[in-house]
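Taken in order, the sequence shown gives residues 71 to 223; the numbers are from this note's numbering. Even glycine gets a Cβ: it sits at the ideal position worked out from N, Cα and C.
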Amino acid sequence: MDLDSRIADLAGPAAQQAGLELDGVHVSPAGKRTKVLVTVDLPEDRTGSAELDAVADASRAIGAALDEANVPSTPYVLEVSTPGTDRPLTERRHFMRARTRLVELVTGGETIKGRLREVTGDRLELDTDSGAREVALADVESAHIVVELKRLD
71 MDLDSRIADL
81 AGPAAQQAGL
91 ELDGVHVSPA
101 GKRTKVLVTV
111 DLPEDRTGSA
121 ELDAVADASR
131 AIGAALDEAN
141 VPSTPYVLEV
151 STPGTDRPLT
161 ERRHFMRART
171 RLVELVTGGE
181 TIKGRLREVT
191 GDRLELDTDS
201 GAREVALADV
211 ESAHIVVELK
221 RLD
């Protein structure tokens, strides 16, 4: 088992203790140490942003789990973060978390911009300027959240 997978196995349950889900693990060299970047997010059934206190709780729990298991076995720097709005939407769970957000999708050369209303099965339901639209997840070539500096809820 590679180091990323070993860390993910330890970090996942630790993140869940803080009410968050493990989104990813990336390990890279950082001078004489190893940088361990663990990305956490809210569960897919929730919208909004992870609270700073929950991320801090997850960081402490993940650090304790890694130290107890002695993984990695060399000195390391742990960074626990959320994915951020610039993360590409590539998996169904990413779209689930992006509900209520303005998104931009590329499908078959067409760019579709709209508010993601719901993810039902393998279909995305969007409100666009030209009305309601459904898009199959399998047809999405690329997607991202459009950052809104001013949003009326």
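| Asked | Found |
| --- | --- |
| Coil, strand or helix - L207 by DSSP | helix |
| Given 8 Å, three or more beta-carbon pairs between the segment 161-174 and the segment 106-114 | yes |
| Pick from V150, E204, A135 and D192 that is closest to R185, judged by C-alpha positions | E204 |
| D93, buried or exposed, once every other Cβ within 10 Å from all chains shown has been counted against 16 | buried |
| Contact under 8 Å by Cβ, A206 with R193 | yes |
| 6 Å Cβ shell around S129 - same chain, five flanking residues per side excluded | V150 |
| Rounded Cβ spacing between V189 and S212 (contact assumed at less than 8 Å) | With a Cβ gap of about 17 Å, V189 and S212 do not count as contacting. |
| CA nearest to the CA of A84, picked from V108, M71 and D209 | V108 |
| Proximal residues to R162 (C-beta, below 7 Å), its chain only, five neighbours per side dropped | V189 and L207 |
| Straight-line Cα distance separating I215 from V147 | 30 Å |
| Beta-carbon proximity check, G72 vs V95, cutoff 8 Å | Inspection of the sequence shows that residue 72 is occupied by Asp rather than by Gly. No. Outside cutoff. |
| Backbone secondary structure at E195 - three-state DSSP | strand |
| Contact set for T144: own chain, Cβ-Cβ below 8 Å, skip 5 residues either direction | R103 and T104 |
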